[in-house]
Amino acid sequence: MSGSAILLQFLNGLATASSLYLLAAGLSLIFGVSRIVNFAHGSLYMLGMYLAVWLSPRTGFWASVAVAALLVAAAGAAIEILVLRRLYKAPELLQLLATFALVLLLRDFALWAWGPQDMLGPRAPGFADAVTIAGSRFPRYELLLIALGPLVFVALHLALTRTRWGTLVRAATQDREMAGALGVNQRWLFTGVFALGACLAGLGGALAVPREPASLEVDLAAISDAFVVVVIGGLGSMPGAFLAALLIGEVKAFCIGLGLSKITLAFEFIVMAVVLVLRPWGLLGKPMSLARGPASIEPPLHSLGRKGWLAILALVVVLALAPLAGREYALILLTDMLVFALFAASLHFMMGPGGLASFGHAAYFGLGAYGAALLFLRFGLPMEGALVLAPLFALAGALVFGWFCVRLSGVYLAMLTLAFAQIAWSVAFQWDSVTGGSNGLIGVWPSGWLASKTAYYYAALVICAGAIVMLWRLIDTPLGYTLRAVRDSPLRADAIGIDVRRVQWIGFVVAGTFAGVAGAVYAFSKGSISPESLSVGRSVDALVMVLLGGVQTLTGPVWGAALFTWLEDALSREFGYWRAAIGAVVLLLVLVFPKGVAGHLKERVAP
Amino acid sequence: MTNWKWVLALPLLLANAAGYAQSIKIGELNSYKVFPAFLEPYKKGWQLALEEVNAQGGVLGRRLEVVSRDDGGTPGDAVRVAEELISREKAQVLMGTFASNVGLAVANLAQQRKIVFLAAEPLTDKIVWENGNRYTFRLRPSTYMQVAMLVPEAARLKKKRWAIVYPNYEYGQSATESFKKLLKAAQPDVEFVAEQAPPLGKIDAGAVVQALADAKPDAIFSSLFAADLQKFVREGNTRGLFAERTVFNLLGGEPEYLDPLKDETPQGWWVTGYPWSEIKTPEHQRFRDAYEKRWNDYPRVGSVVGYTALHAIAEGLRKAGSTNADNLARALRGLKMQSPFGPITWRAIDHQSTMGAYVGQLAKKDGRGVMVNWRYADGAKFQPADAEIRKLRKE
């Protein structure tokens, strides 16, 4: 790279960093105060973009930016008041489920309101052209962005450090119960913070309009970028987010400048993994204070009683009789449900008793699936052998990734699992000669004796139901009890001689291996496997299933998985706007059953 | 309504119900919610064709019926949806899909379940070559064909230094590979000086444009589309990347991707696409009139694809004389039919239709993008040698 090329890529990096910071600042603020992992932040950003594009022919570009930001702030306030406020007392991560539902609703709303076609907005008046820097033309608007990022940063910093409102927000960030005890009205504080965070998202979206078209795919791309920046910087730390945005923007620009563009596929996640391994709380983050209150300690799970086991046995018998109904498609759907039930149960094993939430559990599902396909296609193993050995791929992955992950906790741990999952995804996506690249591997069909849908259904039933029961039994073994001890009080567990990390590592590996079993069964039921099986979407599905069923129940995740799979199948057939329909149903369930469907039933049965 | 009127209407109702019971079912699946910009026109296209076929009395004396589903945009979900269409809806033919990985997964299922699958949209070469099978047919001109249509123009310019930018997944990779191979064959002294492969939908346009400019190419080949293309064009316009450089962009003239560019439309780019407002052949005029009358909207590429795909199935069924999958597959091989782009043939050797695309240059007219200097490139002329295909299909 020549001197002028270096200078220009440096400026490009600054512009990217500024827009990343605008996107991430609101998320960091919201998380810092309310501990809400706001999945819908990217959707609010998208909303800001669409509003600005739509308004600008009517009001002019600059006015549209202001109006869009304010409208999104209002939407944020409405979301906080109508939905999230009702969930602060619910188990952790349930707000995540609610915001996931909002993602689905907002995307279909945008499709309904503005149609399917991408909308390229206007250039910014007064900043439409380029200036010449070191012999190259550089857009004037990017220069404006480079200035705007730091300006917003300073404004936020002053608001947080020099105003009474800011002092209260910081107090709530550090210890929200204490702030509440001292008479601070947390309700309005939280509403205000959420609205401000949403406003920043809307502003970021509106300011992105001269650089990129408003499109329906923006939401997920934006949320993953925002999360990465916030986590690398350290949750809740504004200077951290700024520094992280700068780091990502610059390194990315220089990767592209040096012709290493292929690495940008999973680039942010590689950076995030490196940072989290070296600095478990992000660049400028501090260890999180524990949130006190009813949500933090859960009653231990109990194994099923005699009645419970009989009920499960009866269910298995009913499932075994299902082929008699003679409906082939029902068997295909039931096979999917069984696979996802095992997948959800495996995630639950680490999330529930282990307290280790994972945003990247699909990595192990995908490794199992790819393992099966590779053994079958590339190593010529018979289907039976591939099915048995495939989970070892997931086990190996979980051994490696888990070793790093259990050194962290809370959202940091979840994000590191996500980073590893994304890295695994990008390897599957790019390693054409082995994994078939973006197309995946095709022609993974079961042997003759399992070829019929009925036969394969029985195989899936035996494997998945057996594995689920094994997982449930494991919760009731010394390993399960130790995991729970480590979750509830790592300090005391350590004091009585439990090797905390090792126990968590074992829990992680068990969960990963069982996810791999589900993945292998899945691969042979579909006949092909592609990188989508270890994508974020699949991980989020698993999370939704567990939360829908109830984290602090034994069998809940299994029902959650069955319910979610069935909903997806039924609603996508009946409704054009089926994503919104799923979102609405999930939102309703969250509001009515904040402890999950099974959690609620449990309370009704045994108060 | 009085009672006797009901009595009169009864035989009609019965006849209708009987006709319904015997209708031929086409199972249609596509990623409607993932790629709505392309697929809503596609849906309108096949709906129009369906109405036309049934207005003429259907096929084999039976009505055609389409059961349409959203495939969720992932191979796993798509396979489940296809299974539902086959086993619960008893669909006799499958049609649809957009992304290559979804198309390939459903094609493989079609072979397993022995049902004809007409892959309407996917562009991947593999679906008719490496992973081609007896029951799978593909309508749209493949990545290879569209690249091959652009290469003669590219070679004619005799530009030496080429830079390439493509979305980093199979479509972009194979477009780039084919382009390099074909151009090198036509112009041995060509040099490829830079290659940028941004992730699909996440191009960092400023840095990419700068990196391409730094390589000082004479010409650029791009296979970007949708949001990536719009970002690339705006950033490149502002930074002067396209001044005095010829740019080739696969798919860049398709209304789906061209229309959002409006007054950003770069002048003089060579593209493949569909100049819908300027094609005056009688077969296209007839299609366009019917489409505009039915939907009060102009046709996109998706509309033509949906329309032709459904008509192809109807023609195939007529020729086969039954709905039996093997008969239908045999009938589709070598089938000649009319399309809005002119006559097409379903090649017996690889089940690829010879539907072509329009090659031309971009220009701005009244603040929106149009294609000029265009000509129709017949798909039959842009194919590799038969021996090469046989080797790939392992037949």
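Quick note, the sequences are listed as chains A and B, same order.
Using the working numbering, read the first sequence as starting at 6 and increasing by one per residue.
Using the working numbering, read the second sequence as starting at 278 and increasing by one per residue.
Glycine is no exception: its CB is placed at the ideal position from the N, C-alpha and C atoms.
Residue contact with chain A for residue 491 of chain B: present (Cβ-Cβ distance below 7 Å to some residue of chain A). In the assembly as shown, residue 206 of chain A is a buried residue. Its beta-carbon has 16 or more other beta-carbons within 10 Å. The beta carbon of residue 391 of chain A lies closer than 6 Å to those of 377, 380, 381 in the same chain, with the five residues before and after it left out.
Every beta strand (DSSP E) stretch that sits fully inside the segment 431 to 518 of chain B and reaches 3 residues is listed by chain position as 438 to 442, 468 to 473, 496 to 499. Under the three-state reduction of DSSP, residue 44 of chain A is assigned to coil, being neither helix nor strand. In this structure, the beta-carbon distance from residue 341 of chain B to residue 330 of chain B falls below 7 Å. For the segment 104 to 129 of chain A, the residues whose beta carbon sits under 9 Å from a beta carbon of chain B are, in order, 112, 113, 116, 120, 121, 122, 123, 124, 125, 128. Put simply, of A:597, A:76, A:507, A:512 the residue whose alpha carbon is nearest the alpha carbon of residue 49 of chain A is A:76. Classified as buried, residue 37 of chain A has 16 or more neighbouring CB atoms from the shown chains inside 10 Å of its CB. Residues are counted here when their Cβ sits less than 7 Å from a Cβ of chain A; for the segment 346 to 359 of chain B these are 346, 347, 349, 351, 352, 353, 356, 357, given in chain order. Nearest CB-CB separation between residue 421 of chain B and chain A: not below the 7 Å threshold. Cβ-Cβ distances below 7 Å link residue 508 of chain B to 480, 482 in the same chain, with the five nearest sequence neighbours on each side left out; the list follows chain order. Per DSSP, reduced to three states, the secondary structure at residue 630 of chain B is strand.
Residues of the segment 536 to 560 of chain A with a C-beta atom less than 7 Å from some C-beta of chain B are 537, 538, listed in chain order.
Contacts with chain A at 7 Å (Cβ-Cβ) include residue 364 of chain B. Secondary structure of residue 219 of chain A (DSSP, three-state): strand. Using a Cβ-Cβ cut-off of 7 Å, residue 377 of chain B counts as an interface residue toward chain A, since at least one Cβ of chain A sits closer than that to its own. The continuous beta strand (DSSP E) containing residue 619 of chain B extends over residues 619 to 622. Counting C-beta atoms within 10 angstroms of its own C-beta, residue 473 of chain A has 16 or more neighbours from the protein chains shown and is therefore classed as buried.
Between residue 33 of chain A and residue 240 of chain A the beta-carbon gap is near 7 Å, inside 8 Å, which marks them as a contact.
Residue 408 of chain B sits buried, since 16 or more C-beta atoms from the chains shown fall within 10 Å of its C-beta. Residue 20 of chain A is not a Cβ neighbour of residue 149 of chain A, given a cutoff of 7 Å. Under the Cβ criterion of 7 Å, residue 533 of chain A is counted among the residues facing chain B. In this structure, B:636 is the residue among B:636, B:596, B:625 with its C-alpha nearest to the C-alpha of residue 556 of chain B. Taking a Cβ-Cβ cut-off of 7 Å, the neighbours of residue 341 of chain A in chain B comprise 357, given in sequence order.
Using a CB distance cut-off of 7 Å, residue 513 of chain B does not count as an interface residue toward chain A. Scanning chain B for C-beta atoms nearer than 7 Å to the C-beta of residue 62 of chain A yields nothing, as the closest lies near 12 Å away. One alpha carbon belongs to residue 526 of chain B, the other to residue 499 of chain B, and they sit about 5 Å apart.
Note that the C-beta distance between residue 656 of chain B and residue 631 of chain B is below 7 Å.
Put simply, the CB of residue 144 of chain A is near chain B, with a gap under 7 Å to one of its CB atoms. For residue 381 of chain B, the chain A residues whose C-beta falls within less than 8 Å of its own C-beta are 444, 445, 447, 533, listed in chain order.
In this structure, residue 310 of chain B sits away from residue 369 of chain B, with a CB-CB distance that is not shorter than 7 Å. Look at the segment 249 to 282 of chain A: the residues with a C-beta under 7 Å from a C-beta of chain B are 257, 258, 261, 262, 264, 266, 267, 269, 270. Here residue 98 of chain A is not near residue 281 of chain A, since their CB atoms are 7 Å or more apart. Here the segment 207 to 218 of chain A lies against the segment 47 to 62 of chain A, with 3 or more beta-carbon pairs under 8 Å apart. DSSP, reduced to helix, strand and coil, places residue 528 of chain B within a strand of the structure shown.
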